[in-house]
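As they're listed, the protein sequences go chains A and B. Just so you know, the first sequence maps onto residues 1 to 474 in our numbering. Just so you know, the second sequence maps onto residues 475 to 948 in our numbering. Right, one structure below, let's go through it.
2 protein chains.
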Amino acid sequence: MMNFSMSNRFTVSLLAVALIHICTLSPLSGQSVQLKKDAMAIDSIYDEALVNGRCYPWLERLCFDVGHRLSGSKNAEKAVAWTRAVLDTMGLDSVWLQPCMVPHWERGAAEEVKMYGKGTKPVALQALALGGSVATPAGGIRAEVVEIRSWEELDALGEKGLRGRIVFYNRPMDPTKIRTFEAYGGCVDQRVTGASRAAKYGATAVLVRSMNLKIDDFPHTGSVIYDSAYTRIPAAAISTKAAETLAAAIKGQKNLEVSVRMSCQTLPDAPSYNVIGEIRGSEHPDRFITMGGHLDSWDVGHGAHDDGAGIVQCMDALRLLQRTGYKPRNTIRFVAFMNEENGLRGGKEYAREAIRKGEKHVFAIESDAGGFTPRALTFESADPAFDEKFQQIKGWEAIFESYGIRINKGGSGADVSPLRPTHAVLSGYSPDSQRYFDFHHTADDTFDKVHKRELELGAATIAGIVYLMDTYIR
Amino acid sequence: MMNFSMSNRFTVSLLAVALIHICTLSPLSGQSVQLKKDAMAIDSIYDEALVNGRCYPWLERLCFDVGHRLSGSKNAEKAVAWTRAVLDTMGLDSVWLQPCMVPHWERGAAEEVKMYGKGTKPVALQALALGGSVATPAGGIRAEVVEIRSWEELDALGEKGLRGRIVFYNRPMDPTKIRTFEAYGGCVDQRVTGASRAAKYGATAVLVRSMNLKIDDFPHTGSVIYDSAYTRIPAAAISTKAAETLAAAIKGQKNLEVSVRMSCQTLPDAPSYNVIGEIRGSEHPDRFITMGGHLDSWDVGHGAHDDGAGIVQCMDALRLLQRTGYKPRNTIRFVAFMNEENGLRGGKEYAREAIRKGEKHVFAIESDAGGFTPRALTFESADPAFDEKFQQIKGWEAIFESYGIRINKGGSGADVSPLRPTHAVLSGYSPDSQRYFDFHHTADDTFDKVHKRELELGAATIAGIVYLMDTYIR
Chain A
1 MMNFSMSNRF TVSLLAVALI HICTLSPLSG QSVQLKKDAM AIDSIYDEAL
51 VNGRCYPWLE RLCFDVGHRL SGSKNAEKAV AWTRAVLDTM GLDSVWLQPC
101 MVPHWERGAA EEVKMYGKGT KPVALQALAL GGSVATPAGG IRAEVVEIRS
151 WEELDALGEK GLRGRIVFYN RPMDPTKIRT FEAYGGCVDQ RVTGASRAAK
201 YGATAVLVRS MNLKIDDFPH TGSVIYDSAY TRIPAAAIST KAAETLAAAI
251 KGQKNLEVSV RMSCQTLPDA PSYNVIGEIR GSEHPDRFIT MGGHLDSWDV
301 GHGAHDDGAG IVQCMDALRL LQRTGYKPRN TIRFVAFMNE ENGLRGGKEY
351 AREAIRKGEK HVFAIESDAG GFTPRALTFE SADPAFDEKF QQIKGWEAIF
401 ESYGIRINKG GSGADVSPLR PTHAVLSGYS PDSQRYFDFH HTADDTFDKV
451 HKRELELGAA TIAGIVYLMD TYIR
Chain B
475 MMNFSMSNRF TVSLLAVALI HICTLSPLSG QSVQLKKDAM AIDSIYDEAL
525 VNGRCYPWLE RLCFDVGHRL SGSKNAEKAV AWTRAVLDTM GLDSVWLQPC
575 MVPHWERGAA EEVKMYGKGT KPVALQALAL GGSVATPAGG IRAEVVEIRS
625 WEELDALGEK GLRGRIVFYN RPMDPTKIRT FEAYGGCVDQ RVTGASRAAK
675 YGATAVLVRS MNLKIDDFPH TGSVIYDSAY TRIPAAAIST KAAETLAAAI
725 KGQKNLEVSV RMSCQTLPDA PSYNVIGEIR GSEHPDRFIT MGGHLDSWDV
775 GHGAHDDGAG IVQCMDALRL LQRTGYKPRN TIRFVAFMNE ENGLRGGKEY
825 AREAIRKGEK HVFAIESDAG GFTPRALTFE SADPAFDEKF QQIKGWEAIF
875 ESYGIRINKG GSGADVSPLR PTHAVLSGYS PDSQRYFDFH HTADDTFDKV
925 HKRELELGAA TIAGIVYLMD TYIR
């Protein structure tokens with residue numbers, strides 16, 4: 001590899017500040033001394049994260065001592081206790097549990113999906129029931145399988161082509177999307193709505209190609225949402241390799257049959273909690289900044305990237321602010337939201353309570369896109385004055401430039417989005433997305449897939465933007 | 475994880491073009507129609523790379539059919555033949571081998587480094603001889619070990635403190651550097667120059683802490699360069715975990731001894747080759763654009779990131795230009811440089827020949843920083859008019875923005891740097907650097923550490939900048 005010389009990061013930071021001073025029309029342009037101080041403070045946040053960061057060892061404990069933690073499960077209870085115990089060691093002003101009722105779905109015994117080619121033994125296809133799916137009858141369902149690549153194709157087949165059959169949704173993620181979340185957005189409708197849209201035409205079950213850009217053996221679970229107008233039919237994800245196998249078999253054989261057997265069940269809603277830790281604001285204790293991720297995960301793997309990473313990054317961001325001696329003006333809260341994956345009950349409860357109490361929320365950021373190298377922070381708000389605020393925020397890009405981070409308008413996060421009516425500025429932590437869907441909602445989303453430095457850079461980035469928002473946003 | 479909406483990449487590209495048109499003072503600002511065409515062409519290059527890219531399967535073959543390929547080895551010969559065979563399938567105008575003599579060093583039997591604590595069995599420390607090191611006597615060397623953290627410490631100990639002893643360089647990479655190449659640059663002097671600087675004071679061998687930000691068991695090899703003024707003493711890298719173990723043992727025990735046994739040898743220089751493939755320019759066949767990486771690697775692992783990735787990316791970049799129907803104005807060459815790791819003979823020979831023939835070289839780009847997600851392209855040149863050219867190049871940043879890529883001044887690459895006297899613009903492909911030194915020069919730099927999409931994005935980025943340079947740079 002090459003030895004190329006790079007300029008010193010700190011010099012870059014100061015240069016960045018000079019650039020803000022010279023180039024921007026932001027209201028900050030006269031405050032270069034303060035901004036130099038800010039750039040140095042943010043530098044020390046990154047240093048602390050990279051030298052003494054706690055997020056990585058915390059994630060290791062969450063992954064190995066708790067493991068996956070679907071809402072309503074024993075493990076979710078353990079995760080609540082674990083998070084509270086860590087927060088209790090941090091010297092915060094308050095730590096508490098905010099109750100919310102959550103869905104309680106269980107996968108039951110191992111799923112089984114098989115393909116029956118003529119003249120060969122049945123072939124097992126790697127499968128996972130979709131979260132929220134109903135079970136099959138105990139003996140399973142066996143029927144002809146129909147491959148569907150588009151809604152038009154589904155509607156064209158209609159009742160005549162689909163009644164009594166099993167629908168196999170096989171529209172892949174678009175590899176040409178640079179941001180893989182776009183490709184996910186372009187096909188997750190099959191998983192979320194496919195069961196009811198097939199049930200409408202009398203299908204008996206659905207299989208969905210996993211939301212994955214790789215061809216591998218890991219099925220990716222995730223929520224199915226039933227439309228109450230139609231019969232609830234069983235729904236499972238199959239791995240991309242299984243999807244390719246099945247599609248090839250369908251091409252080669254008319255009336256190919258598959259069987260699906262699943263014993264999942266939905267139990268009554270269970271009590272659970274958001275876990276909250278707070279540092280009271282020194283100037284405006286009644287104005288709130290929230291940072292968090294979701295504590296629940298799917299019931300496979302470790303939920304390491306989704307969203308253990310977001311939890312430990314935001315906890316560490318709080319610690320980074322403390323350790324670098326920052327005294328927040330506003331009250332800063334870390335929130336471990338419960339139930340993002342299949343209900344958003346925690347996020348909704350947090351916002352409901354905030355609105356009920358008339359709390360003034362100025363900023364909320366969520367990390368829920370994996371623990372990879374930071375690339376951007378994205379911002380949105382229902383505040384009519386948001387454009388002006390965003391101009392100010394965009395002006396800080398020169399500081400974040402030395403860490404390779406852009407500031408853009410864009411989405412925030414599922415858990416903080418219910419705060420929209422408060423007119424808070426909402427932000428999403430946006431890391432590199434190339435590897436995220438290799439692991440998302442799979443048994444392979446484990447601790448070893450998270451890179452220590454990448455995770456730490458994220459914690460520092462979140463602390464950095466909270467520092468700036470706390471200091472400047474009114 | 476959150477579902478956040480992202481704007482369409484193509485729209486972003488067109489917006490970028492509009493921005494160039496509106497905002498920059500570059501000489502291109504009147505050519506918006508042409509630039510829209512360029513943005514679309516570059517979009518189609520990325521699409522082709524992400525849908526039909528060849529770099530990933532090529533890398534798999536290079537890693538598994540050839541493997542590591544140190545200059546002068548049988549495997550390096552196989553790598554030359556393999557590369558030529560691939561180029562021969564690509565419908566290029568010419569493919570040839572450019573001869574150069576290369577160093578021929580062999581590691582010999584497995585190295586052995588042991589630590590002798592009082593009252594315990596000897597402890598083996600994970601070690602690799604540094605490339606170019608001399609052997610120890612057949613029975614090895616055993617002596618007291620002295621830990622050194624700075625050159626000042628070494629010089630202060632001097633002959634009195636070091637004669638007859640083994641020096642252990644243990645200055646770690648600085649974790650606070652955001653770009654890990656900076657941290658590497660800050661301590662690789664121990665590996666390159668440490669042996670002779672210790673030999674000057676009569677030390678008998680050196681151990682060097684691996685250039686690695688992680689604490690793990692992989693020793694990282696790399697070149698030692700001897701100063702002919704001093705005795706050549708054996709030099710080995712030990713893993714970061716071994717370095718921590720050894721440092722702790724030294725703290726706990728006075729006069730701790732270690733032994734080093736290595737049987738490496740330097741053989742006479744061997745004949746080898748750069749492998750070159752060329753598409754003749756349609757307008758200026760006598761002006762040259764070069765893109766390449768280095769074909770040789772260290773003699774452990776697969777040399778997957780270093781620098782199999784650069785080789786297959788640049789080969790694929792050539793193919794991407796062909797497949798998207800681009801007709802180069804200038805002659806475009808892919809060069810698989812031989813011997814970057816321990817001599818740079820290939821890069822020097824390529825430049826020597828170019829200068830001897832009076833070839834007009836306008837641009838050269840190297841990929842030799844790993845196969846990770848693209849972050850930047852960096853540019854340098856000895857051309858007195860470079861600042862003006864860089865202004866023009868910087869104007870294209872708006873196009874690369876949609877792929878998350880910045881355009882900066884900065885280093886290029888070891889193999890293309892000998893072209894500096896031609897006044898060509900030189901560029902380095904700069905991917906995300908967080909993981910690079912996990913693998914660099916180790917047995918762990920294997921195919922499975924390279925991510926398909928990240929690799930493909932790099933190939934497209936290189937093809938994209940070559941397209942623009944070929945079209946606009948005079």
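We treat Cβ as the ideally placed atom computed from N, Cα and C, and that holds for glycine.
Closer than 7 Å at the beta carbon, the chain A residues around residue i
| i | result |
| --- | --- |
| Gln908(B) | Thr373, His451, Arg453, Glu454 |
| Asp790(B) | Simply none; closest approach about 15 Å. |
| Leu687(B) | Arg453 |
Assigned exposure category for residue i - 16 Cβ within 10 Å defines buried
| i | result |
| --- | --- |
| Phe437(A) | buried |
| Phe538(B) | exposed |
| Gln600(B) | buried |
| Arg826(B) | exposed |
| Asn816(B) | buried |
| Lys177(A) | buried |
| Val587(B) | buried |
| Gln434(A) | buried |
| Gln190(A) | buried |
| Ala236(A) | buried |
| Trp570(B) | exposed |
| Arg948(B) | exposed |
| Thr290(A) | buried |
| Arg830(B) | exposed |
| Lys926(B) | buried |
| Lys254(A) | exposed |
| Val33(A) | exposed |
| Pro431(A) | buried |
Proximity test, Cβ basis, 8 Å: residue i and chain D
| i | result |
| --- | --- |
| Gly591(B) | Going by chain labels, chain D is absent from the structure shown, which instead holds the protein chains A and B. |
Residues that residue i contacts on chain A, provided the C-beta gap is smaller than 9 Å
| i | result |
| --- | --- |
| Ser756(B) | Result: empty, since nearest Cβ-Cβ is about 28 Å, beyond 9 Å. |
Residue i - partner residues in DSSP beta bridges
| i | result |
| --- | --- |
| Leu599(B) | Val587(B) |
| Gly277(A) | Val95(A), Phe334(A) |
| Cys529(B) | Bridge partners of Cys529(B): none, in fact. |
| His284(A) | Asn330(A) |
Expected contact under 8 Å - CB spacing of residue i and residue j to nearest Å
| i | j | result |
| --- | --- | --- |
| Thr852(B) | Gly885(B) | 6 Å |
| Gly845(B) | Gly932(B) | 6 Å |
| Met173(A) | Leu213(A) | 5 Å |
| Ile45(A) | Tyr429(A) | Not really, about 14 Å apart at Cβ, beyond 8 Å. |
| Lys389(A) | Val416(A) | Contact doesn't hold; Cβ gap of about 16 Å is too wide. |
| Asp38(A) | Thr471(A) | 7 Å |
Chain B residues whose Cβ lies nearer than 7 Å to that of residue i
| i | result |
| --- | --- |
| Gly358(A) | Under the 7 Å cutoff, chain B gives no residues; its nearest Cβ is about 27 Å from Gly358(A). |
| Pro175(A) | Leu524, Val525 |
Within chain B, the residues that residue i reaches when beta carbons sit closer than 8 Å
| i | result |
| --- | --- |
| Ile178(A) | Arg483, Tyr520, Ser876, Tyr877, Gly878, Leu931 |
Within chain B, the residues that residue i reaches when beta carbons sit closer than 9 Å
| i | result |
| --- | --- |
| Leu62(A) | Going along chain B, no residue has its Cβ under 9 Å from Leu62(A), so there is no contact; the nearest lies around 17 Å. |
Cβ contact check for the stretch 390–400 of chain A and the stretch 636–652 of chain B: 3 or more pairs under 8 Å | no
Below 8 Å, can you find three or more Cβ-Cβ pairs linking the stretch 326–337 of chain A to the stretch 377–390 of chain A?
-> no
Between the stretch 228–238 of chain A and the stretch 190–198 of chain A, do at least 3 Cβ pairs fall closer than 8 Å?
-> yes
With contact counted as at least three CB pairs below 8 Å, one residue from each stretch, are the stretch 723–742 of chain B and the stretch 570–587 of chain B in contact?
-> yes
So, do the stretch 307–326 of chain A and the stretch 46–60 of chain A have three or more beta carbon pairs nearer to each other than 8 Å?
-> yes
Assess, as a yes-or-no matter, whether the stretch 215–222 of chain A is touched by the stretch 431–449 of chain A under the definition of 3 or more beta carbon pairs within less than 8 Å.
-> yes
Pair every Cβ in the stretch 606–622 of chain B with every Cβ in the stretch 631–640 of chain B, then say whether three or more of these pairs are closer than 8 Å.
-> yes
For the stretch 66–78 of chain A against the stretch 253–263 of chain A, are there 3 or more C-beta pairs whose distance is under 8 Å?
-> no
Would you call the stretch 712–730 of chain B and the stretch 748–760 of chain B in contact, with 3 or more CB pairs under 8 Å?
-> no
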